[in-house]
Amino acid sequence: MSPLHVCLALSAALFCTGLVAVLVRGNAILVLLGVELMLNAANLNFIAFWRFGPGGGEVGLVFVLFSIAVAAAEAAVGMALVIAVHRHLRTIRVAAANRLKG
Amino acid sequence: MSIDYALLFRVLLPEALLTATALLVIGVDLVWGRGRSRGSRLQMAVGAGLLGVGVAALVIWQDGAQGSVWAGNLRVDLLAVAVRLGVLGLTGLSLLGLTGSRVSDQPAEYVALALLATVGFLQMAVAQNLLLAFLALELASLSLYVLAGYDRSRPESAEAALKYFLQGGVSAALLLFGFSLLYGMTGRIDLTGISMALAVHSDGSLSAVAVGMVLAAFGFKAAVAPFHPWAPDVYQGAPPMSAALIASAAKLAGLAFFWRIFWSGLGPLAATAPLLGGAGGGWVPVLASMCAVSLLLGNLVALAQASIRRLLAYSAIGHAGALGLGLLSAGEVGPGPLFYYAATYGLATVGAFACLAILDRAGDGDRIEDLAGLRRRSPLVAACFAVCVLSLAGIPPLAGFFGKFVVFAAAFRIDGLGHPAGWVALLAIAMSAVSLYYYLILLKQAWIAEDVRERGPIEVPPAAALGLLLAAGLLVVLGAFPSLLLGRF
């Protein structure tokens, strides 16, 4: 296996872990954590393709820098929303947020 | 490679103006708004926001289409100009509608966030590069998450925002992963380069995963089944004008965004990506089946709804199926029909939600029976609501009818029933008849049913009334003269 394949396998595993966490975890913060894992798997992909891939300059590296910043902003907004839900429901279990249905 | 920075500044001037307005609104509210009533702070914020939106629209209108800018990273073509103007118009209308909704504690921050979301929409319309596109999409999404949870007094608002955020976060991660694979296959992040590289060589399974992930992100953004579950909760729980922005301007910008990604970037895979179990066929049949499911599910589930906003949400999922159909046929016939449909659909949605915001402020509930006696309580709101709902239903001569007509005609023009789009268009026509039923139930309550509770007349602030009249008037004018928009493409 070439280094590129190792990296891609790792990032695919990371991505699937994140997706499973999103789907099965009941705690909103752990779901958020799963989303972060998925974003970081994509970042790992960019780095791997930049280092071992078909080339194209430093653009993969730059993309990762931006997407790390975006992920941080997303985590900030996400935590704020989790707190907003906690204020009302006194819990952060996703299943408890069930007022809206029909 | 030399870059014309003066031209770049000129193209980005609307975004700069809106950002400056957003900061200005917060600053002025901090200094001038201290000790003043919430009502006057809201008026100041909305006034400044409208001014910023108006000036930005004027700049875009004057500059017109300028082709590729900044070494091809931005593309200011006719569609970009139209979408940018449309997005600004929809944002302006939803700001006007804000004056008619319940006043929140921090009106200035609300307007500032709406303007920042609009900056994201404007960028989504021109981005020709995966990085810029991703940043624009995230700027818009992050602002919208907060706007959805803005009403801190109601747990429903926080719940809607959290659900929107979690599903949106997953879709952003899917999109980023898809982008990383596209970068890996082609070594490029500009859409033209990606398209050229994919036309020469594409790895079968990698391209299938990448395209699948981009499709999922599109499904989320446009609320196409099976990625729609956020839509009913957000429409019902979020403050009405936030829901209006999410349902109108965000959708228009999102369709332009994915039109570019699918046809400018992934065009070579349209018929070849081995998505369905390696059988080939590309993303066109997959998108067509998503649209078909969306049309069926949205329109049938809407029949069973008791909440007006939930009903509008499911009808929006149905409309998303038709919009996806427009996206499918846009590769052959150009984006004109898609833009016309999305813009007029956005207008009708903003108008309908502005009416619901006024009802919400008057203390009425969100159930269909709560509309009873609207004709007597406020003829203006009842009339504008009727125009918007009839346009959503696609009754001629309103704009919604021509939107459906041009999109279905475009779908048939590809290859009649020889192409999946033709069959989806047939289904969409049948579903339009179904949708007529639940839209007419709304109107029956508003116009015929008598109010058993004998509630008093509804007060409509002048700015909100202006917004309602503008939305309804535009729907009539664009319906009577569709060539005003369509003739330009």
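As they're listed, the protein sequences go chains A and B. Sequential numbering of the first sequence, starting at 1, is according to our numbering. Sequential numbering of the second sequence, starting at 1001, is according to our numbering. We put the CB at the ideal spot given by N, CA and C, even for glycine.
(1) Is residue 1468(B) helix, strand or coil by DSSP?
(2) For chain B, find out if any of its Cβ atoms is closer than 8 Å to the Cβ of residue 1(A); answer yes or no.
(3) Which of helix, strand or coil does DSSP assign to residue 1028(B)?
(4) Rounded to the nearest angstrom, what separates residue 1078(B) and residue 35(A) at their Cα positions?
(5) So, does the stretch 49–69 of chain A touch the stretch 3–10 of chain A, judging by three or more C-beta pairs under 8 Å?
(6) To the nearest whole angstrom, what separates the beta carbons of residue 1160(B) and residue 1143(B), a pair I think is in contact under 8 Å?
(7) With respect to 7 Å, is the separation between the Cβ of residue 1475(B) and the closest non-hydrogen atom of the ligand PLP below this value?
(8) List the endpoints of the continuous beta strand (DSSP E) containing residue 1067(B).
(9) Since residue 1149(B) meets chain A, which of its residues come closer than 7 Å, beta carbon to beta carbon?
(10) Tell me the residue span of the alpha helix (DSSP H) that contains residue 1301(B).
(11) Starting from the beta carbon of residue 99(A), find every residue of chain B whose beta carbon is closer than 8 Å, and list them in chain order.
(12) Please compile the residues from chain A whose C-beta is within a distance smaller than 7 Å of the C-beta of residue 1202(B).
(13) Taking 7 Å as the limit between beta carbons, can you name the residues of its chain near residue 1483(B), skipping five residues before and five after?
(14) Count the other C-beta atoms from every protein chain shown that fall within 10 angstroms of the C-beta of residue 1279(B), then say buried if there are 16 or more, exposed otherwise.
(15) Say whether chain A places a C-beta atom closer than 8 Å to the C-beta of residue 1169(B).
(16) Let's see if you can read the secondary structure: which residues bound the alpha helix (DSSP H) around residue 1074(B)?
(17) Between the Cα of residue 1265(B) and the Cα atoms of 1468(B), 1461(B), 1319(B), 1182(B), which residue gives the shortest distance?
(18) Measuring alpha carbon to alpha carbon, tell me which of 1459(B), 1006(B), 1389(B) ends up nearest residue 1377(B).
(19) Please tell me whether residue 1344(B) and residue 1475(B) are closer than 8 Å, where the distance is taken between their beta carbons.
(20) How is residue 1202(B) classed by DSSP in three states: helix, strand or coil?
(21) Note down, in chain order, each residue of its chain lying with its Cβ closer than 7 Å to the Cβ of residue 1076(B), except the 5 sequence neighbours on either side.
(22) Quick one: is residue 95(A) near chain B, going by C-beta distance under 8 Å?
(23) Near residue 1210(B), what residues of its chain come up, given a Cβ to Cβ distance below 6 Å and the 5 sequence neighbours on each side ignored?
(24) In three-state terms, what does DSSP make of residue 90(A)?
(25) Residue 1488(B) by DSSP, collapsed to three states: which one?
(26) So, residue 1146(B) versus residue 77(A), is the Cβ gap smaller than 8 Å?
(27) For a cutoff of 8 Å on Cβ pairs, would you count residue 59(A) as touching chain B?
(28) Sorted by chain position, which residues of the same chain lie with C-beta nearer than 7 Å to residue 1336(B)'s C-beta, five sequence neighbours on each side aside?
(29) Which bits of chain B does residue 104(A) rub up against, with CB to CB less than 8 Å?
(30) Do the CB positions of residue 1399(B) and residue 1478(B) come within less than 8 Å of each other?
(31) Quick one, are the C-beta atoms of residue 1158(B) and residue 85(A) less than 8 Å apart?
(32) Does the distance from the C-beta atom of residue 1295(B) to that of residue 1328(B) stay below 8 Å?
Answer, in terms of the structure:
(1) On the second sequence, residue 1468(B) is found 468 positions in, with the first residue counted as 1. Three-state DSSP puts residue 1468(B) in a helix.
(2) Here the question's residue 1(A) lines up with position 1 in the first sequence. So no, residue 1(A) is outside the interface.
(3) Here residue 1028(B) is taken as the residue at index 28 of the second sequence, counted from 1. Per DSSP, reduced to three states, the secondary structure at residue 1028(B) is helical.
(4) Taking the second sequence and counting its residues from 1, the one referred to as residue 1078(B) is at position 78. Taking the first sequence and counting its residues from 1, the one referred to as residue 35(A) is at position 35. About 36 Å.
(5) Because the criterion of three Cβ pairs below 8 Å is met, the stretch 49–69 of chain A and the stretch 3–10 of chain A touch.
(6) Here residue 1160(B) refers to the residue found at position 160 when the second sequence is read from its first residue. Here residue 1143(B) refers to the residue found at position 143 when the second sequence is read from its first residue. Actually they are not in contact, since the Cβ atoms of residue 1160(B) and residue 1143(B) sit about 15 Å apart, beyond 8 Å.
(7) The ligand PLP is absent from the structure shown, which contains no ligand whatsoever.
(8) To locate residue 1067(B), count along the second sequence from 1; it is residue 67. It spans 1067–1069 - the beta strand (DSSP E) in which residue 1067(B) sits, taken as one unbroken run.
(9) By one-based count along the second sequence, residue 1149(B) stands at place 149. Within chain A, the C-beta atoms nearer than 7 Å to that of residue 1149(B) come from 81, 84, in chain order.
(10) Locating residue 1301(B) in the second sequence gives position 301, counting from the first residue. Where residue 1301(B) is concerned, the enclosing alpha helix (DSSP H) stretches over 1283–1302.
(11) Mapped onto the first sequence, residue 99(A) falls at position 99. Listed along chain B, the residues sitting closer than 8 Å to residue 99(A) by beta-carbon distance are 1155, 1156, 1159, 1237.
(12) The count along the second sequence starts at 1 and reaches residue 1202(B) at position 202. Those within 7 Å of residue 1202(B) in chain A number zero; the least Cβ separation is about 12 Å.
(13) Reading the second sequence from its first residue, position 483 is the one you call residue 1483(B). Close CB contacts of residue 1483(B) within its chain, under the 7 Å cut and outside five residues either way in sequence, are absent.
(14) Numbered from 1 along the second sequence, position 279 holds the residue referred to as residue 1279(B). In this predicted model, residue 1279(B) has a pLDDT of only 48, less than 50, meaning its place in the structure is not dependable enough to derive any value.
(15) The residue labelled residue 1169(B) in the question sits at position 169 within the second sequence. For residue 1169(B), the closest Cβ of chain A is nearer than 8 Å.
(16) In the second sequence, counting from the first residue as 1, residue 1074(B) sits at position 74. Not the alpha helix (DSSP H): residue 1074(B) falls in the beta strand (DSSP E), residues 1074–1076.
(17) Position 265 of the second sequence, counted from the start, is the residue given in the question as residue 1265(B). Selection 1468(B), 1461(B), 1319(B), 1182(B) evaluated against residue 1265(B) yields 1182(B) as nearest (Cα-Cα).
(18) Counting from one through the second sequence, the residue named residue 1377(B) turns up at place 377. Nearest option by C-alpha distance: 1459(B).
(19) As a position in the second sequence, residue 1344(B) is number 344, starting the count at 1. As a position in the second sequence, residue 1475(B) is number 475, starting the count at 1. Their beta carbons are under 8 Å apart, which means residue 1344(B) touches residue 1475(B) by this criterion.
(20) Translated into the one-based positions of the second sequence, residue 1202(B) becomes position 202. Under the three-state reduction of DSSP output, residue 1202(B) falls in the coil class, being neither helix nor strand.
(21) Within the second sequence, residue 1076(B) is the residue found at index 76, counting from 1. Excluding sequence neighbours, residue 1076(B) sits near 1011, 1065, 1066, 1067, 1069, 1126.
(22) As a position in the first sequence, residue 95(A) is number 95, starting the count at 1. No, residue 95(A) does not count as interfacial toward chain B.
(23) Along the second sequence, read from residue 1 onward, the residue named residue 1210(B) stands at position 210. Taken in chain order, the residues that qualify are 1178, 1181, 1182.
(24) In the first sequence, residue 90(A) corresponds to position 90, counting from 1. Reduced to three states, the DSSP call for residue 90(A) is coil.
(25) Position 488 of the second sequence holds residue 1488(B). Reduced to three states, the DSSP call for residue 1488(B) is coil.
(26) Sequence index remark: in the second sequence, residue 1146(B) carries index 146 (1-based). Sequence index remark: in the first sequence, residue 77(A) carries index 77 (1-based). Yes; because the gap between Cβ atoms is below 8 Å, this pair is in contact.
(27) Taking the first residue of the first sequence as position 1, residue 59(A) is located at position 59. With a threshold of 8 Å between beta carbons, residue 59(A) makes contact with chain B.
(28) For the purposes of this step, residue 1336(B) is identified with residue 336 of the second sequence, where counting begins at 1. The answer, listed in chain order, is 1486, 1489.
(29) Past the boundaries of the shown model lies residue 104(A); chain A is included only from 1 to 102, so the question cannot be answered.
(30) Start at 1 with the first residue of the second sequence, and residue 1399(B) comes out as number 399. Start at 1 with the first residue of the second sequence, and residue 1478(B) comes out as number 478. Result yes, Cβ atoms of residue 1399(B) and residue 1478(B) sit closer than 8 Å.
(31) Residue mapping note: residue 1158(B) aligns to position 158 of the second sequence, counting from 1. Residue mapping note: residue 85(A) aligns to position 85 of the first sequence, counting from 1. Taking 8 Å as the Cβ cut-off, residue 1158(B) and residue 85(A) qualify as a contacting pair.
(32) Numbered from 1 along the second sequence, position 295 holds the residue referred to as residue 1295(B). Numbered from 1 along the second sequence, position 328 holds the residue referred to as residue 1328(B). Using a Cβ distance threshold of 8 Å, residue 1295(B) and residue 1328(B) do not count as a contacting pair.
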